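To keep things clear, I will list the structure first and then write my remarks on it.
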Amino acid sequence: MRELRYREALREAMLEEMRRDGNVFLMGEEVGHYQGAYKVSEGLLDEFGERRVIDTPIAEAGFAGVGIGAAMVGLRPIIEFMTWNFSFVAFDQIISNAAKVYQMSAGAIQVPIVFRGPNGAAKQVASQHSHSCAPFYTSIPGLHVIQPSTPRDAKGLLKSAIRSNNPVVFLEGETLYGVMGDVPDEGVEELIPIGQSRLARPGTDCTIVTWGRPYYTVLAAAERLAAEGIECEVIDPRTLRPLDTALMVQSVKKTNRCVVVHEHWPYGGPGAEIVDRLQREAFDYLDAPLERVTGLDVPMPYALNLEDKVLPTEERVIDAVKRVSYAK
Amino acid sequence: MMTIRRFEEEAARNYAKGKIGGFLHLYIGQEAIAVAAAEALEDRDYIFQTYRDHGIALARGMSPEAAMAELFGKDTGCSRGLGGSMHYFDVERGFLGGWAIVGGHLALAAGTAFKSKYAGEDRVTICFFGDGSTNIGGFHEALSLAGLWKLPVVFVCENNQYAMGTPLERTSPLKDLSVKAQGYGMAGDRCEGHDVEVVQERLAEAVERARNGGGPTFVEILTYRFRGHSMSDPAKYRTRTELEQRKQQDPLGVVRERLMGIGVDENTLDDIDLEVDAEIEEAVRFADESEPAREDVMMSSVLSPEADS
């Protein structure tokens, strides 16, 4: 193992897969000469040239569609959205085309494509640039949706996404790009399977399911709770569609309580889906209602003091865990 | 052309009988364009069409059986009953779909053309859409990128004068849509659509330009649909006189007249009509007797199997 930043882990995944398969290319705004708006694609143009690292005009619907068309006839595009907020103007391409072709053609046409970019709030970029997009895309059959929390998962899952024969929505985090973490050594190839949850922290008293930016909020809260004698077990689904609940159910059978913590809005989405599944799959084991700690149900404000209130905080996580534990 | 005409007429009849559901958009009146395009293309080329897709599929060689069975929602249909009228697919013949979001498939066509260029393959993509598509963002972005990257694609606007029920003069400030090509740095062309030979010549020119590295072309073809937008449309927005006038330029009539002009006798043409009638009748029988669409196919075609890596 060695330590890499999340951003570097993503870059390595693309680099390795582009070296491995000439059909893989990267397309998006500022991915080439500018070296990536968030420097995820830094250096790729130098190695692969303009044929495979393609700068586009500001035309998300256009280049998302070009990627889908190219994938329909055998290429493996990586389409970078500068942020997922801009994917909304390409929503029709992803929903009506990428997610539908395989079925509409009765399995005759595959769409092996990855849409990736930073998702969720950054810092004080206000309402139009702070969307946590998982709920929109997880509701669509025909898509995989991945949201890795750590550098290791980012690399291993992006590699799997690029090799997938299906359209993948790959949600990164701008605030996670600088996060350091263990990643397998150079030359050690790790493909993390799509649709597999991961035990992030073992515990006995309360299960917490979380992913993305709040993952780190939860780990910090879990340490504080441990100091008070409450040991939380933290599970990161990593893939939000297909959703693997086996580990969560197993954990809830042990802890008998669960809190789901996510950045996206409370109405629907993977957070609500997890609660729905766990109440059925682990009903007899629950000693308290399932709780959720979510982004507040408002458009993201600009002011930092308010933004800090909207995003899940350690305090809100601690309160929720104590509530389901009937602890003070 | 006769096959398309009879197929569409029979589809309309079976729609009225309740054998076909959903939306049904007929190509009657526009047949010359699909037939000309099929002639102008090589087998290896790619084709995209809107939801008005029966004509090009048949012109490209899809069997009327597979086409009719799809309308009947049968497993033997070209999309195994999962697509219906608006989503025909015939990958073996390079027909990459009927698409039903206006303007949504133009970028896909730029994408298959991108593949041709990326992989150095000699394949041209042709993409059809209506006059209604030329006002939506998807049109603009697809032509922008195709023009910018000089992609081997031909964008064909089948201008049938109406975006559903709204005439062109109420949807566009332009009378001549082909001038839009200039805005995307690509060649533009415009022609009448009722004479199959004229259309074929003009499309062949655009296809050759794409094939020879000359980049995309935007071709506007002036045409007219003799039926409503879809089966639910009585087309009250146009006059009977207008329709009758346009029927004077029926593409099938043009061909018939020309063939007789060069000495083909009427009996031969009537025999062809009878042959086509029988073929379409057989397609209906086949569709009727085919097995219904299958649930296991539906469930297994949501996601593609992953390769072992």
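Taken in order, these protein sequences are the chains called H and P. Our numbering applies: residue 4 is where the first sequence begins, and numbers increase by one. Our numbering applies: residue 15 is where the second sequence begins, and numbers increase by one. All C-beta atoms in this analysis are idealised placements derived from N, C-alpha and C, irrespective of residue type, glycine included. Just so we're clear, the structure is a prediction, and the values are computed from it rather than from any experiment.
Per DSSP, the bridge partner or partners of residue i
i	result
M16 of chain P	Answer is none; M16 of chain P lacks a bridge partner.
G112 of chain P	P:Q63
N173 of chain P	P:L236
D284 of chain P	In the DSSP output, where bridge partners are listed per residue, D284 of chain P has none listed.
N122 of chain H	H:G176
P273 of chain H	DSSP, once it has assigned bridges, lists no residue as partnering P273 of chain H.
A201 of chain P	P:T231
C92 of chain P	C92 of chain P is not bridged to any residue.
Whole-angstrom distance between residue j and residue i, CA atom to CA atom
i	j	result
R326 of chain H	D311 of chain H	22 Å
R5 of chain P	R239 of chain P	As displayed, chain P neither begins before 15 nor continues past 323, which places residue 5 of chain P out of reach and without an answer.
A12 of chain H	R55 of chain H	20 Å
E280 of chain P	R270 of chain P	9 Å
Y176 of chain P	L182 of chain P	6 Å
G77 of chain H	E289 of chain P	39 Å
F86 of chain P	M16 of chain P	21 Å
A292 of chain P	V221 of chain P	34 Å
G25 of chain H	K129 of chain P	12 Å
S328 of chain H	D208 of chain H	8 Å
S318 of chain P	A157 of chain H	23 Å
A123 of chain P	D287 of chain H	53 Å
L96 of chain P	Y65 of chain P	14 Å
V128 of chain H	P170 of chain H	29 Å
I112 of chain H	V168 of chain P	22 Å
L202 of chain H	L250 of chain H	8 Å
F142 of chain P	A307 of chain P	28 Å
E320 of chain P	Y29 of chain P	39 Å
G228 of chain P	K164 of chain P	7 Å
P217 of chain H	A73 of chain H	35 Å
R5 of chain H	P80 of chain H	29 Å
A50 of chain P	G267 of chain P	16 Å
S67 of chain P	A195 of chain P	The sequence shown places Asp at residue 67 of chain P, rather than the Ser named in the question. The straight-line gap from Cα to Cα measures roughly 24 Å.
E135 of chain P	I211 of chain H	52 Å
S323 of chain P	M75 of chain H	The predicted position of S323 of chain P is uncertain, since its pLDDT is 48 and thus under 50; no value can be drawn from it.
Whole-angstrom C-beta distance between residue j and residue i, which should lie under 8 Å
i	j	result
L29 of chain H	E83 of chain H	6 Å
A121 of chain P	G91 of chain P	So it is not a contact: roughly 27 Å between Cβ atoms.
I42 of chain P	R241 of chain P	5 Å
I238 of chain H	S200 of chain H	6 Å
A301 of chain P	E79 of chain P	7 Å
P265 of chain P	A224 of chain P	Going by Cβ atoms, the distance from P265 of chain P to A224 of chain P rounds to 25 Å, so no, they are not a contact pair.
S108 of chain H	I97 of chain H	About 17 Å; that fails the 8 Å criterion.
V34 of chain H	E63 of chain H	The pair is not a contact, with the Cβ atoms about 13 Å apart (cut-off 8 Å).
Proximity of residue i and residue j at Cβ, strictly below 8 Å
i	j	result
V170 of chain P	G146 of chain P	no
P154 of chain H	L7 of chain H	yes
R119 of chain H	F173 of chain H	yes
E71 of chain P	S304 of chain P	The identity of residue 71 of chain P in the sequence shown is Ala, whereas the question assumes Glu. Cβ atoms of A71 of chain P and S304 of chain P: not closer than 8 Å.
T141 of chain H	L243 of chain H	yes
I197 of chain H	S152 of chain H	no
Y9 of chain H	P121 of chain H	no
D57 of chain P	V138 of chain P	no
S130 of chain H	G123 of chain H	no
T237 of chain P	N149 of chain P	no
A114 of chain P	M100 of chain P	yes
H265 of chain H	T316 of chain H	no
A224 of chain H	V320 of chain H	yes
Three-way DSSP call (helix, strand, coil) for residue i in this model
i	result
M82 of chain P	helix
G32 of chain P	coil
V117 of chain H	strand
H154 of chain P	helix
P217 of chain H	helix
G176 of chain H	strand
G31 of chain H	strand
H132 of chain H	helix
M183 of chain H	strand
N308 of chain H	helix
N100 of chain H	helix
A203 of chain H	strand
E305 of chain P	coil
V147 of chain H	The identity of residue 147 of chain H in the sequence shown is His, whereas the question assumes Val. Residue state, collapsed to three classes: strand.
S323 of chain P	Confidence in S323 of chain P is poor, its pLDDT being 48 and thus under 50, which makes the residue's placement too unreliable to answer from.
I197 of chain H	coil
P181 of chain P	strand
D104 of chain P	strand
P324 of chain P	This structure does not reach residue 324 of chain P, given that chain P is present from 15 up to 323, and the question cannot be answered.
T316 of chain H	coil
- Taking Cβ-Cβ distances below 7 Å as the criterion, which residues of the segment 112 to 124 of chain P are in contact with chain A? As a matter of chain content, chain A is missing from the structure shown, whose protein chains are H and P.
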